[in-house]
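FYI, in numbering that gives the first Met the number 0 the residues of the sequence shown are 0 to 94. Yeah, the Cβ is synthetic: ideal placement off N, Cα and C, and Gly gets one too. Quantities reported herein were computed from a predicted structural model and do not represent experimental measurements. Structure, as structure tokens:
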Amino acid sequence: MRFEWDRKKAERNVRKHGVSFEEAITAFYDPLAVTLEDPDHSIEELRFITFGYSAHDHLLVIAHTDRADGIRIISARTATPRERRKYETQEPRTR
């Protein structure tokens, strides 16, 4: 997979959420990652939310959009306790 993002937005994301987009990339490789459409934020383009564990063992929530040449990360943060419970109680599945 190829990833891209706005450099200034990535810097703001680290200051606001303490999560780098480099770490966020690793959550896409979680075999149990869950990706859902995000219709509330899909005004100009179709956006998605991915929940997955990063290589640092943080459960992340990543907002992104799919582009022809890869994935553009918009934001990334640590999951809330409620999001964590929902992720951890999901039905087992294979990819």
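Report, in whole angstroms, the separation of the C-beta atoms of A32 and A23, which I expect to be a contact under 8 Å. That belief does not hold up - the Cβ atoms of A32 and A23 are roughly 11 Å apart, past 8 Å.
If we call anything under 8 Å between Cβ atoms a contact, is V60 one with I48? yes
Nearest by alpha-carbon distance to S120: which of E82, P80, F20 is it? Residue 120 falls outside the range modelled here, since the chain spans only 0 to 94, and no answer is possible.
Given that a residue counts as buried once 16 or more other Cβ atoms are within 10 Å of its Cβ, and exposed if not, what is A75? buried
Determine the closest residue to K85 out of F50, R6, R66, A67, with distance taken between C-alpha atoms. F50
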